[in-house]
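Trainee: Take a look at this one; I'll ask things after.
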Amino acid sequence: MEQPNRDEAPDSVSEQDAASARIVRRVQRITHEPVAMREAPAPGIAHVLEAPAFQGDFWQLGDGLFGGWAFDPRHPERKLAVELWLDGTVTSLVRADLFVPELREAEGTDGCHGFATSLKLSSLAHTRQVSAYVANTDHHLGTVHLHSTGSSRPVKPEDIAGSVRWVGGIRVVGWARDRVHIERTLTVSLFEGSRLLAEVPADMWYEPGPDEPLAPGRHGFDVTLPLELADGRLHEIRVLTERGTELAGSPIALLTLGSGIEQFGLADSETSSKDAVERLAYLERLMPSSLPLTSYPDWRRAYAPKAPELAETPRIAAVVFGPPEQADETLQSLDTASAPLWTAVALESLTVGGVEAWREARAHLVEEGSEIIVVLKAGSRVHPAALAALAAAMVGPDKPALVYSDSEIALADGTLLPRFKPAFDKERFLAQGYLCDLVAFDAALLPELDHDESVSDYGVVAQVLAGALAAERPIGHLPEVLATVPAGSTEADADALVAALPPLLDPERETHVMVREGLLFPAIRVRPAVDPDALVSILIPTRDRLDLLRPCVESLFAKTAHPAFEILIADNDSRDEDTLAYFRELAYRGVRVLPAPGPFNYARINNAAARAANGRYLLLLNNDTEVEDRDWLTALLEPGSAADVGAVGAKLLWPSGLVQHGGVVLGSHFGAAHAFNERQGDEPGYDELLQVTRETSAVTAACLLVKRKDYFAVGGLDERLFPVNFNDVDLCLKLRAIGRRNIWTPHAALRHKESASRGQDANAERQSRTRRELNALRLKWGETLVADPLYSPCLNRDAYPYTGIAWPPRERALRRNLPPQPNAMFKWLS
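Going by our numbering, the sequence shown opens with residue 831, and the numbers climb by one from there.
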């Protein structure tokens, strides 16, 4: 073995002593499992291993190639020697004297402290890890972990400076980090050829996957490229740091259709085949483009509403609620609209006590023969096409009882914030009154208010909604921005909304209402009483991993206020003695441990546990979760106890505090995606949705409450088509298909180390399984996946929902929150 020069070791150490020290350390290494840090030295050579506070790093450059740097800040002119160890055995020595530009800038030296070396692939064939140490010291520079198969390629190279990926449209996201000074923010540049497209700091919060070699922190970036790249052509984009280092994943092949098939001149072409147009339209749906929300002014100009032609002009009456000095501006905007206004009345909002004024206004509207009533806030301005668009939406054989539109909020500084809304969501109305910016309804539903009822836009609309729901009449959403609404007083809005809620609450359940105010909108929490005797069966699949299971179970015992619950652990072939001992301990505490042998099939394991459960409710829970507060189960039961509610999901946070689950949105890459993954847990989110209970198409089974009878009514989780992935999405869609609503609540919060117990789907076998199950989801629920009624067609449909605007928007016809149906071929299979 090559020996270092004498001047590379501390002056007090002889070459013979240094060699002896290495021999002792070698014996210690061979008799232990490989570890990243050295064992403590033998007492007789303790003086040999004393070393200055070295700095350095070590990484893999390629198959058999390794490199790094080593530096002594006490003696910056010194060139260190580095030992390389394979599975605890020292094999070679290399001098750290190569030029590293970061070191020259950071430390003020000549920068010649880097090293690079090659190792024979044959020697790496059965090696599990390669470590580097400053020679003759115990200072560990780093360890590269290799595949257990003996491949010389690490699971994730530790030399990586960052990574980047395309998430759809003209948007790319990733991370970049300075390997020497991790607190430093790098600048990331994006090029097409030699042309600089964008330059951004990598300073956004980034939550890495379990196989990524960095901790959570502010080293992420999110870039929207120039719109001109959305031309239907292939573009190769290179992504580099300011050091010139190309990020993993670069170059990116970007292809997007920009402003839709119109740009190709085919949409209106008589000569183009219908099949060609349909193919392009289908491709556009699967490859959506998006712009950041800050591009809303451009989107607003490009996709302004157009007034439809009306065969007949119905008699339209407007009711404007709010201060008289603001009502004049609203009435003027109505007067210039495309459809003639029959009559209008203006009323001040009076939560209680304004009944006489309302009755007078109502009598006037009836006398005028009004057919459609439009309700809006004083100070609002309607688009010239608004009344015609609403009137057109209200006619037809399936005449809606009520139609509401999208809107924009005007801030004091003139900024316009788009409110792209879902199809009707009762839970969100109770929390935010979200649809009251501009509403049209059938005049036959014009309510007669009692003395104790709210005279406000919220009060009138709540009465109309209650009547429409009782009569099972349709409620429609028109995804067009038809009104500009000034930012109002959240305190006044919250008080008015609370006073308006009684007609929509369950008269059979005692209900408490907590008044909360968001930044721009109310954030009311409706708390119906929960039966304290309602037994909840908590089902936790596991295989060993006591480090995850114990904190999960102990948090349930320590932080669950709801008194009636049982815990069932579905044991999928645990072998670890400590885990088995914990099972025996739990048995004495009333926990049932159910054997669930065989290959991992999440759906089968949960179905078996559900059959053994005694509870009225089932709670599917991952073993890598921990409860945050005592009220969590009660918060799930509050909406979950309603007869028409199917699944209820919780707010899940990564250990760093970033949101892991804020509901599931359908359509991302023709599949499904968790919402608000890029948000911190205490942020309000788009339209302040992270603050309110709301309906969603699906929730994750990492924490999912469902009535036992509903679970089995739809066949539980599908063990054949979705053994591991997407079984929760499929379950939720099956629940919606039988008329149930799925709910997400922020008031039940848990920590979640996503897939920590089974790992991410990173290897080839798991990726293949994920693809198979995603294809099954697409085949079964195809049309549903591209038309999520609880997500706006004007919002982006890439990997990060609620972060951008769809460019172009998808179909903006009148829509309803209707139960989905699986494709015909699956009905008999189910």
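Cβ coordinates follow ideal geometry from the N, Cα and C atoms, glycine included. Nothing here was measured: the structure is a model prediction, and the numbers come from that model.
Measure from the alpha carbon of Leu1448 to the alpha carbon of each residue in Val1478, Val1423, Gly1420, Asp1461, then state which is nearest.
Mentor: As a first step, residue 1448 is located in the sequence shown; it is residue number 618 there, counting from the start. Among Val1478, Val1423, Gly1420, Asp1461, the Cα nearest to that of Leu1448 belongs to Val1478.
Trainee: Whose CA, out of Lys1389, Ser1200, Asp1280, Arg1434, lies closest to the CA of Leu1463?
Mentor: Working through the sequence shown from its first residue, we reach residue 1463 at position 633. The candidate whose alpha carbon is nearest that of Leu1463 is Lys1389.
Trainee: Considering Trp1129, what are the terminal residues of the alpha helix (DSSP H) in which it resides?
Mentor: One-based indexing of the sequence shown puts residue 1129 at position 299. Segment 1126-1132, the alpha helix (DSSP H) holding Trp1129.
Trainee: Kindly indicate which three-state DSSP category Cys1624 falls into: helix, strand or coil?
Mentor: Reading the sequence shown from its first residue, position 794 is the one you call residue 1624. Coil.
Trainee: Given this structure, state the Cα-to-Cα distance separating Gly1004 from Ile1368, to the nearest angstrom.
Mentor: Start at 1 with the first residue of the sequence shown, and residue 1004 comes out as number 174. Start at 1 with the first residue of the sequence shown, and residue 1368 comes out as number 538. Cα-Cα distance, rounded: 37 Å.
Trainee: Which value, in whole angstroms, describes the spacing of the CA atoms of Pro1337 and Ala1359?
Mentor: Translated into the one-based positions of the sequence shown, residue 1337 becomes position 507. Translated into the one-based positions of the sequence shown, residue 1359 becomes position 529. Whole-angstrom Cα-Cα distance: 11 Å.
Trainee: Could you pull the DSSP bridge partners for Met1224 from this structure?
Mentor: For this step, residue 1224 is matched to residue 394 along the sequence shown. In the DSSP output, where bridge partners are listed per residue, Met1224 has none listed.
Trainee: Give the DSSP-derived three-state secondary structure of Leu1648 in the structure shown.
Mentor: As a first step, residue 1648 must be located in the sequence shown, where it is residue number 818. Coil at Leu1648, not helix or strand.
Trainee: Any idea if Lys1539 is buried or exposed, counting beta-carbon neighbours within 10 angstroms, 16 or more meaning buried?
Mentor: Sequence index remark: in the sequence shown, residue 1539 carries index 709 (1-based). Classification for Lys1539: exposed.
Trainee: Within the segment 1146-1187, note down every full alpha helix (DSSP H) run reaching 4 residues or more, in order along the chain.
Mentor: Listed in chain order, they are 1154-1165.
Trainee: Straight-line CA distance for Pro1650 to Gly1497?
Mentor: Reading the sequence shown from its first residue, position 820 is the one you call residue 1650. Reading the sequence shown from its first residue, position 667 is the one you call residue 1497. So the two alpha carbons sit approximately 14 Å from each other.
Trainee: Please determine, among Leu1604, Gly1050, Thr1071, Pro1144, the residue with the shortest C-alpha to C-alpha distance to Phe1500.
Mentor: Within the sequence shown, the letter at position 670 stands for residue 1500. Answer by Cα proximity: Leu1604.
Trainee: With 16 as the cutoff for other CB atoms within 10 Å, does Val912 come out buried or exposed?
Mentor: Looking up residue 912 in the sequence shown gives position 82. The residue is buried, with at least 16 neighbouring Cβ atoms inside 10 Å.
Trainee: Who pairs with Leu1268 in a beta bridge, going by DSSP?
Mentor: What you label residue 1268 is simply residue 438 of the sequence shown in a count that begins at 1. Answer is Leu1206, bridged to Leu1268.
Trainee: Near Val1559, what residues of its chain come up, given a Cβ to Cβ distance below 7 Å and the 5 sequence neighbours on each side ignored?
Mentor: Taking the first residue of the sequence shown as position 1, residue 1559 is located at position 729. These residues qualify, in order along the chain: Val1494, Ala1502, Ala1528, Leu1607.
Trainee: Can you check whether the CB of Ser1120 is closer than 9 Å to the CB of Asp1517?
Mentor: Mapped onto the sequence shown, residue 1517 falls at position 687. Mapped onto the sequence shown, residue 1120 falls at position 290. Not in contact: Asp1517 and Ser1120 (Cβ atoms no closer than 9 Å).
Trainee: Quick check on this structure: which residue in Ala1032, Ala1060, Leu1565 has the alpha carbon closest to the alpha carbon of Asp1663?
Mentor: With the chain represented from 831 up to 1660, any question about residue 1663 goes unanswered, as that position is not in the structure.
Trainee: Between which two residues does the alpha helix (DSSP H) carrying Pro1427 extend?
Mentor: Working through the sequence shown from its first residue, we reach residue 1427 at position 597. Segment: none, Pro1427 is in no alpha helix (DSSP H) and carries neither H nor E.
Trainee: Let me know if Cys1624 comes out buried or exposed under the rule of 16 or more other beta-carbons within 10 Å of its beta-carbon.
Mentor: As a first step, residue 1624 is located in the sequence shown; it is residue number 794 there, counting from the start. Label assigned to Cys1624: buried.
Trainee: Can you give the beta carbon distance from Glu1257 to Leu1247, rounded, assuming they're within the 8 Å contact cut?
Mentor: Start at 1 with the first residue of the sequence shown, and residue 1257 comes out as number 427. Start at 1 with the first residue of the sequence shown, and residue 1247 comes out as number 417. Actually they are not in contact, since the Cβ atoms of Glu1257 and Leu1247 sit about 22 Å apart, beyond 8 Å.
Trainee: Roughly how many whole angstroms lie between the Cα atoms of Met1344 and Cys1266?
Mentor: Position 514 of the sequence shown, counting from 1, holds the residue named residue 1344. Position 436 of the sequence shown, counting from 1, holds the residue named residue 1266. Their backbone Cα atoms lie some 20 Å apart in a straight line.
Trainee: One question on the structure: do Ala1465 and Thr1575 come within less than 9 Å of each other, judged by their Cβ atoms?
Mentor: If you number the sequence shown from 1, residue 1465 lands on position 635. If you number the sequence shown from 1, residue 1575 lands on position 745. In contact: Ala1465 and Thr1575 (Cβ atoms closer than 9 Å).
Trainee: Spatial neighbours of His1618 within its chain, please: CB distance less than 8 Å, with the 5 preceding and 5 following residues excluded, ordered by chain position.
Mentor: Position 788 of the sequence shown, counting from 1, holds the residue named residue 1618. In the sequence as displayed, the identity of residue 1618 is Asp instead of His. Result list for Asp1618: Val1495, Leu1496, Gly1497, Ser1527, in chain order.
Trainee: When you compare only the Cα positions, how much space is there between Glu1422 and Glu1468?
Mentor: Mapped onto the sequence shown, residue 1422 falls at position 592. Mapped onto the sequence shown, residue 1468 falls at position 638. A quick correction: the sequence has Arg, not Glu, at residue 1422. Rounded to the nearest angstrom, the two C-alpha atoms are 26 Å apart.
Trainee: Going by alpha carbons, who is nearest to Ala1147 out of Leu1123, Ala1193, Gln1156, Glu1178?
Mentor: Numbered from its first residue, the sequence shown carries residue 1147 at position 317. Looking at the Cα atoms, Ala1193 is the closest of the given residues.
Trainee: What are the boundary residues of the beta strand (DSSP E) that Leu994 is part of?
Mentor: Taking the first residue of the sequence shown as 1, we reach residue 994 at position 164. Note that residue 994 is Val in the sequence shown, not Leu. From DSSP, the beta strand (DSSP E) with Val994 extends over 992-998.
Trainee: According to DSSP, which residues form a beta bridge with Phe901?
Mentor: Here residue 901 refers to the residue found at position 71 of the sequence shown. In the DSSP output, where bridge partners are listed per residue, Phe901 has Gln885.
Trainee: Are the Cβ atoms of Ala1330 and Gly1428 separated by less than 9 Å?
Mentor: Locating residue 1330 in the sequence shown gives position 500, where the first residue counts as 1. Locating residue 1428 in the sequence shown gives position 598, where the first residue counts as 1. Cβ atoms of Ala1330 and Gly1428: not closer than 9 Å.
Trainee: Can you tell me where the beta strand (DSSP E) with Glu1669 in it begins and where it stops?
Mentor: Outside the displayed range of the chain (831 to 1660) lies residue 1669, so it cannot be described from this structure.
Trainee: Return the CA-CA distance between Pro1056 and Leu1123, expressed in angstroms with no decimal places.
Mentor: Locating residue 1056 in the sequence shown gives position 226, counting from the first residue. Locating residue 1123 in the sequence shown gives position 293, counting from the first residue. Cα-Cα distance, rounded: 15 Å.
Trainee: Rounded to the nearest angstrom, how far is the Cβ of Leu1450 from that of Ala1531, given a contact under 8 Å?
Mentor: Mapped onto the sequence shown, residue 1450 falls at position 620. Mapped onto the sequence shown, residue 1531 falls at position 701. The pair is a contact, with the Cβ atoms about 5 Å apart (cut-off 8 Å).
Trainee: Across the segment 938-954 and the segment 884-898, are there enough close Cβ pairs to call them in contact, namely three or more that are closer than 8 Å?
Mentor: In short, these stretches touch, since the Cβ pair count reaches three.
Trainee: Roughly how many whole angstroms lie between the Cα atoms of Arg1509 and Arg908?
Mentor: Taking the first residue of the sequence shown as position 1, residue 1509 is located at position 679. Taking the first residue of the sequence shown as position 1, residue 908 is located at position 78. Spanning the two alpha carbons is a distance of roughly 46 Å.
Trainee: With a threshold of 7 Å on Cβ separation, who are the neighbours of Ala1028 within its own chain once the five nearest residues in sequence on each side are excluded?
Mentor: Your numbering for residue 1028 matches position 198 in the sequence shown. The residues are Leu1020, Val1053, Leu1055.
Trainee: Check whether the segment 1214-1224 and the segment 1129-1141 touch, using three or more Cβ-Cβ pairs below 8 Å as the test.
Mentor: At 8 Å Cβ cutoff, the stretches touch.
Trainee: If we count the other Cβ atoms within 10 Å of its Cβ and call it buried at 16 or more, is His1504 buried or exposed?
Mentor: In the sequence shown, counting from the first residue as 1, residue 1504 sits at position 674. Classification for His1504: buried.
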